[in-house]
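Using this note's numbering, the first residue of the sequence shown is number 10, and each one after it goes up by one.
For each residue, glycine too, the CB sits at the ideal point set by N, CA and C.
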Amino acid sequence: MPNQTTAPQPIIIRMHALDNVAIVANDGGLPAGTQLPDGLLLVNAVPQGHKVALVDLKAATPVLRYGIPIGYALKDIPAGSWVHERLLDMPSARSLDNLPVATVKPPPMAPLEGYTFEGYRNADGSVGTRNILAITQTVQCVAGVTDFAVQRIKAELLPRFPNVDDVVALEHGYGCGVAIDAPDAIIPIRTLRNISLNPNFGGEVMVVSLGCEKLQPERLLPPGSIPLIDVRSGAGNNAEAKLDVVCLQDDAHVGFMSMVESILRQAEQHLQRLNARRRETVPASELVVGVQCGGSDAFSGVTANPAVGFCTDLLVRAGASVMFSETTEVRDGIDQLTSRATTPEVAQAMIREMAWYDAYLQRGGADRSANTTPGNKKGGLSNIVEKAMGSIVKSGSAPIANVLAPGEKLTAKGLTYAATPASDFICGTLQLAGGMNLHVFTTGRGTPYGLAAVPVIKVATRSDLAKRWHDLMDINAGTIATGEKTIENVGWELFEMMLEVASGRKKTWAEHWKLHNALVLFNPAPIT
Ligand code: CA
Numbered sequence: 010m011p012n013q014t015t016a017p018q019p020i021i022i023r024m025h026a027l028d029n030v031a032i033v034a035n036d037g038g039l040p041a042g043t044q045l046p047d048g049l050l051l052v053n054a055v056p057q058g059h060k061v062a063l064v065d066l067k068a069a070t071p072v073l074r075y076g077i078p079i080g081y082a083l084k085d086i087p088a089g090s091w092v093h094e095r096l097l098d099m100p101s102a103r104s105l106d107n108l109p110v111a112t113v114k115p116p117p118m119a120p121l122e123g124y125t126f127e128g129y130r131n132a133d134g135s136v137g138t139r140n141i142l143a144i145t146q147t148v149q150c151v152a153g154v155t156d157f158a159v160q161r162i163k164a165e166l167l168p169r170f171p172n173v174d175d176v177v178a179l180e181h182g183y184g185c186g187v188a189i190d191a192p193d194a195i196i197p198i199r200t201l202r203n204i205s206l207n208p209n210f211g212g213e214v215m216v217v218s219l220g221c222e223k224l225q226p227e228r229l230l231p232p233g234s235i236p237l238i239d240v241r242s243g244a245g246n247n248a249e250a251k252l253d254v255v256c257l258q259d260d261a262h263v264g265f266m267s268m269v270e271s272i273l274r275q276a277e278q279h280l281q282r283l284n285a286r287r288r289e290t291v292p293a294s295e296l297v298v299g300v301q302c303g304g305s306d307a308f309s310g311v312t313a314n315p316a317v318g319f320c321t322d323l324l325v326r327a328g329a330s331v332m333f334s335e336t337t338e339v340r341d342g343i344d345q346l347t348s349r350a351t352t353p354e355v356a357q358a359m360i361r362e363m364a365w366y367d368a369y370l371q372r373g374g375a376d377r378s379a380n381t382t383p384g385n386k387k388g389g390l391s392n393i394v395e396k397a398m399g400s401i402v403k404s405g406s407a408p409i410a411n412v413l414a415p416g417e418k419l420t421a422k423g424l425t426y427a428a429t430p431a432s433d434f435i436c437g438t439l440q441l442a443g444g445m446n447l448h449v450f451t452t453g454r455g456t457p458y459g460l461a462a463v464p465v466i467k468v469a470t471r472s473d474l475a476k477r478w479h480d481l482m483d484i485n486a487g488t489i490a491t492g493e494k495t496i497e498n499v500g501w502e503l504f505e506m507m508l509e510v511a512s513g514r515k516k517t518w519a520e521h522w523k524l525h526n527a528l529v530l531f532n533p534a535p536i537t
């Protein structure tokens, strides 16, 4: 009876002792009639990542996963049944009133010392993991000209500057046709400003402007916002220093090639200075890591995200900065977050950001439940509550020490809640503005996501995905579901890989293939 001897052992995963459901871990799911290790017989076939009722669930019973109600049974669900989203009534969002504030005081974590990487030390004290020339743009109108110039810079100049990793045009859709004085316009403007100052760009700010746009260079980068470099002498902050701007409408430009030559001429000076830089040994505390997930499934919260959470704790212990984000994916765990805040002020800042986002969604006639995708549901995530519980574990267990509003730049060490939408590109763009020099991205359904400005380490939640996408996924956390590895094993593997990637000794798959998603600004202000 070969089928019986080769049939895999049924594996189900329960996250919390209170849970009355568990998820099926086996590739391909399990057929009806399968006997689970505790003797329970499956009433229905249950797809991989989907939930099975461990006990009889009467109508209106809370369905518990991660020890909290992810929904209420809409009708009686017998033990052994497939529990999918159509059987669940989703709880309403936790009120932002009377939240527990700074109530959890975890014992201090032992410092993690002696870990280093090879990075580029910048004049402002930050450290780059890559040495990239970024060309800032004030407005979308200049994107075509800048891209043309960048292709020529790569072909004609870059080979002469071997210590420079890349040239990146910071293309975006903002800059004109927008209500630039509306209160929320500060978000896209400061996002662009702070991306220009990302540690991976070495403080070499050069701008391409059209001339007539609303977002004038002085508004994007006002005096004092950046270390100005005298483009003739290379000395910083002297009387001759000024913002390096190539303005396409400048009278001096006669014809397209004149604009392109101007950009090449300015770029060369920045490339010379970037090329003279060398990596030096710096402590792991100089890492500024942004974590996020995309294309999530029910394994995200079981394998990859807990491993990232373990790694987040390692980074915090090493004195580094870690940003977690994705407001709609943590909204349902707001009480966990405010209770983990180091101070009441930090908790209040989190509540402020959540309330702002609730109002933003409400203006658009939506709420947090608009977050979940068809792929999330196919992967076993019934609703945003279940997704949020699995997403939040990326933040590990450290106290939350700081909060960033969208587009702000991070200055603190430790664990930070950087408020951003969960949209992969917008979250990544805002974490870049926060000063991220390394990005970790977990995925269950699979996405080839990448950014041009920072290395992105992608973590697969399932072995099946890691095997099929063997040249896109950097780490397989699916081994946690099968018991081959522990959360701690994979968390350490990720930590060690971060130091290799940050040092430039290893490239991520997204870097290898040059897979770069667009910068997408978060602009909640009106378009004109
Ligand atoms: Ca995301």
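Neighbourhood of residue i by C-beta distance below 6 Å, restricted to the same chain and skipping five residues each side
i	result
Gln13	Unreliable positioning characterises Gln13 in this predicted model, as indicated by a pLDDT of 48, which lies under 50. A coordinate reading is not provided.
Ala34	Ile20, Ile22, Ala490
Cys185	Val148, Glu222, Lys223
Lys467	Phe450, Met482, Asp483
Ser348	Pro109, Thr112, Val113
Met332	Gly299, Thr425, Ala427, Gln440, Gly443
Ala152	Glu180
Phe126	Leu508, Ala511, Ser512
Val297	Ser330, Gly444, Met445, Asn446
Tyr124	Ala293, Ala327
Thr452	Gly303, Gly304
Supposed close pair residue i, residue j - CB separation, criterion 8 Å
i	j	result
Pro464	Val510	5 Å
Leu73	Asp36	With a Cβ gap of about 26 Å, Leu73 and Asp36 do not count as contacting.
Met99	Ser305	Contact flag wrong, Cβ pair sits at about 17 Å.
Val173	Asn284	5 Å
Trp478	Ala469	7 Å
Leu530	Thr438	6 Å
Ser432	Val339	Actually they do not touch by this definition, with Cβ atoms about 14 Å apart.
Exposure of residue i, with buried meaning 16 or more beta-carbon neighbours within 10 Å
i	result
Gly76	exposed
Trp522	exposed
Lys494	buried
Lys516	exposed
Gln225	buried
Gly48	exposed
Gln18	exposed
Met266	exposed
Gln57	buried
Pro46	exposed
Pro383	exposed
Gln371	exposed
Gln275	buried
Arg228	exposed
Ser101	exposed
Arg590	In the structure displayed, the chain extends from 10 to 537; residue 590 sits before or after that span and is not available.
Asp85	exposed
Lys67	exposed
Leu230	buried
Pro107	The question names Pro, but residue 107 is Asn in the sequence shown. Burial call: exposed.
Gln146	buried
Glu362	buried
Gly373	exposed
Asp156	exposed
Lys60	buried
Arg169	exposed
Val539	The chain is shown from 10 up to 537; residue 539 falls before or after that span and cannot be answered.
Proximal residues to residue i (C-beta, below 7 Å), its chain only, five neighbours per side dropped
i	result
Cys320	Gly500, Leu503, Phe504
Asp480	Trp518
Ala248	Because Ala248 sits at a pLDDT of 46, beneath the cut-off of 50, its placement in the model cannot be relied upon, and the following sentence gives the value as read from the coordinates. Around Ala248: no qualifying Cβ.
Leu167	Val173, Val176
Residues that DSSP places opposite residue i in a beta bridge
i	result
Leu179	Thr145
Lys60	Ile32, Val92
His597	Outside the modelled stretch of the chain, which goes from 10 to 537, sits residue 597, for which no answer is possible.
Glu289	Gly128
Asn411	Thr425
Ile86	Leu66
Tyr81	Pro71, Asp98
Asn485	Ala469
Leu50	Gln44
Val269	Looking at the DSSP assignment, Val269 forms no beta bridge with any residue, so it has no partner.
Ser218	Cys256
Val2	Nothing about residue 2 can be reported from this structure: the residues present for the chain run from 10 to 537 only.
Leu39	Val55
Sequence-distant residues of its chain with Cβ nearer than 8 Å to residue i (five each side left out)
i	result
Ile195	Gly416
What does the shell around ligand 1 hold, if a residue joins when its beta-carbon is under 6 Å from any heavy atom? Gln301, Cys302, Gly303, Glu335, Ala431, Asp433, Cys436
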